[in-house]
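*Asks:* Take this structure first; my questions come after.
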Amino acid sequence: MEPRINLMTNPVGARISKRFYAVGLAIQESPLPKSLQELVELRASQINGCGWCVDVHTKEAAAAGESAVRINLVAAWRESTVFTEAERAALALTEEGTRLADAHQGVSEETWEQVRKHFDEDEIAALVSLVAMINA
Numbered sequence: 000m001e002p003r004i005n006l007m008t009n010p011v012g013a014r015i016s017k018r019f020y021a022v023g024l025a026i027q028e029s030p031l032p033k034s035l036q037e038l039v040e041l042r043a044s045q046i047n048g049c050g051w052c053v054d055v056h057t058k059e060a061a062a063a064g065e066s067a068v069r070i071n072l073v074a075a076w077r078e079s080t081v082f083t084e085a086e087r088a089a090l091a092l093t094e095e096g097t098r099l100a101d102a103h104q105g106v107s108e109e110t111w112e113q114v115r116k117h118f119d120e121d122e123i124a125a126l127v128s129l130v131a132m133i134n135a
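Note that the sequence shown covers residues 0 to 135 in numbering that gives the first Met the number 0.
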């Protein structure tokens, strides 16, 4: 398959790509734990049906210290007992943020309250930005 456009050879595309990279770097350097970042990206990738993304974030989650059991249960996190309340809040935000077009309601008050309960402002900024970036 041939790419339709090479963003790096287009001046506007190259500038945009650099900004995306900068946002990604800011998220990586945030206080949001790397393992949680990977679980969030994995869950959004599952919802979006991106096989390549699922593969990458599965491997990155393992490299960040996640167990095979937890990685395998990300899609069924609601029914699983292996995730903390903070992780559940992040995964709920991920699902609701990823499915904005499906739900037409945005992130629920209940989910937002749970996120605020478990994360500080810096972590929330990183988490919301991470969900936006993985879905961009």
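No residue lacks a Cβ here, since even glycine has one placed at the ideal position from N, Cα and C.
This one's a predicted model, so the numbers in the text were calculated from it and none came from an experiment.
With 16 other CB atoms within 10 Å as the buried threshold, where does A60 fall?
*Replies:* buried
*Asks:* Using only the alpha-carbon positions, how far apart do C52 and S128 sit?
*Replies:* 17 Å
*Asks:* When the distance is taken between beta carbons, is V55 closer than 9 Å to S66?
*Replies:* no
*Asks:* Run the CB neighbour count on R42, radius 10 Å, all protein chains shown included, and call it buried at 16 or more, exposed below.
*Replies:* buried
*Asks:* Given a threshold of 16 other Cβ atoms within 10 Å of its Cβ, counted over all protein chains shown, does G96 qualify as buried or as exposed?
*Replies:* buried
*Asks:* Starting from Q170, follow the alpha helix (DSSP H) in both directions and report where the run begins and ends.
*Replies:* The structure shown has nothing for residue 170, since the chain only spans 0 to 135.
*Asks:* When burial is assigned at 16 or more other CB atoms within 10 Å of the CB, is L35 buried or exposed?
*Replies:* buried
*Asks:* Considering only residues of the same chain and omitting the five flanking positions on each side of A124, which have a CB-CB separation below 8 Å?
*Replies:* S29
*Asks:* On the DSSP letters alone, give me the boundaries of the alpha helix (DSSP H) that L137 sits inside.
*Replies:* Residue 137 lies beyond the residue range present for the chain, which begins at 0 and ends at 135; the question has no answer from this structure.
*Asks:* Using CA coordinates, which residue listed in T80, S16, A85, M7 is at the minimum distance from W111?
*Replies:* A85
*Asks:* Taking the alpha carbon of A100 as the reference point, which residue from R69, I4, N134 has its own alpha carbon closest?
*Replies:* N134
*Asks:* Looking at the secondary structure, which residues open and close the alpha helix (DSSP H) in which Q113 lies?
*Replies:* 108–117
*Asks:* In the structure shown, what three-state DSSP assignment does V81 receive?
*Replies:* coil
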